[in-house]
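Q:
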Amino acid sequence: MKYCPLFMIAALVALELAKASSVKRPKCNNKIDLAIVIDASASMGEENFAKSKAFARDLLSHFDISEEATHVSLSYFSFYTHLVTAFDDEDSSVATMYKELKKMRYEGSFTNLAKTATGLRYKVFSKDRGARKGQKDSKMVAVFLSDGFESMGPDEISFCISELHNYGVETFAGIVDGENSNEGIDSLVSPEKKDHKFTMYNDPKKRKIELERMVQSICKIYNKPKETIADTNEAMEDGEQ
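If you're matching positions, the sequence shown starts at 5 in the numbering used here and goes up one per residue.
1. How is Y102 classed by DSSP in three states: helix, strand or coil?
2. For K119, does the three-state DSSP call read helix, strand or coil?
3. Just curious, the alpha helix (DSSP H) that D159 is in, first and last residue?
4. Can you tell me which residues form a DSSP beta bridge with M254?
5. Grab the span of the beta strand (DSSP E) containing D62 for me, first residue to last.
6. Below 6 Å CB to CB, which residues in the same chain sit around L38 once its five sequence neighbours on both sides are set aside?
7. E111 to A121, Cα distance in whole Å?
8. What's the gap between the Cα of F91 and the Cα of V41?
9. By Cβ distance below 7 Å, which residues in the same chain neighbour G134 in space, the five residues on each side in sequence not counted?
10. Please list, in chain order, all residues of the same chain as E174 whose beta carbon is under 8 Å from its beta carbon, the five residues on each side excluded.
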C-alpha cells in the first residue's frame, strides 16, 4: 500500500508534536512556604532583573501552588524592600503570581540585602502573615535571586541570614550569569549548604537544567522518598502575557 509523501510528512510532524507535549517536568507537591526575593539594585542592572523575574516565573511553574501544598510570597528590593504577595493573600493563584511578577519595577538604587533578610524573618515568615511554622510536614524556604553585592558588606548579610536559619528557614541563592560577589552569595546560604547555590544561566538549556536542580534541592529538604517530586504533564498557566 502506497502513502502520499505529504501525508507521511504530516504524520511525522504530528508524532513529534505529540512527543513534545508529553515531556514530563518535575513538580514539587510538598507543603512549603516559599518566599522568592528578587534583587532590583544598581549592581544587578535592568537586564539581570528582568532575567530574574523570568527565572522566578519558571520556578513557580514547578510547584503545586495550592492551599494544601506550596504557599508563595513575592518581594523585590533595592534600598527598600517591597512585599508584593504574602502567604495569607486570598488570591494566591499561579496566574496572580505571574501578574505580580510582571508588575515589579527595577529601581537601581543601593543594595540593602541584609535589611531584606531581616524583613523576611519578622514580616514574611510570620504566623500573622500566614506562615505555617510548626505545622506538621511544613517547611519554610527563601530563594534569593541576586548578584550577592551588599552596600553594607557581606558580614551584614551573614548576621541577618543566620537569624533566618535559626528560625528554621532554608535559604537558596539564584546567581546571575556574570559578575557577582562570591562572598555575598556564600553568605546567603548556610556554610554546609553550598549545594543551595544555582546559576541563572543566559543559555536556555543550561538555565533549564539548573532550574530543575533547584526544584529538586528545595523539594528534597523533606528527606522523604523521591516520589515527593511528581512527574507531571500539567501545562503551566500562562497568566497575563
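The C-beta atom is built at its ideal place from N, Cα and C for all residues, glycine as well.
A: By the coordinates alone:
1. Residue state, collapsed to three classes: helix.
2. In this structure, K119 counts as helix in the three-state DSSP scheme.
3. Note, D159: alpha helix (DSSP H), P158 to Y171.
4. Because the chain here runs from 5 to 245, residue 254 falls outside it and cannot be looked at.
5. Not the beta strand (DSSP E): D62 falls in the alpha helix (DSSP H), residues G49 to L64.
6. Hits under 6 Å: T74, V76 and V145.
7. When rounded, the separation of the alpha-carbon atoms in E111 and A121 is 18 Å.
8. Going from the Cα of F91 to the Cα of V41 covers about 14 Å.
9. H75, A90, F91 and D92, listed in sequence order.
10. Scanning its chain for C-beta atoms nearer than 8 Å, with the 5 sequence neighbours on each side dropped, one finds around E174 the residues K143, M144, V145, A146, K197, H200, I222 and I225, in chain order.
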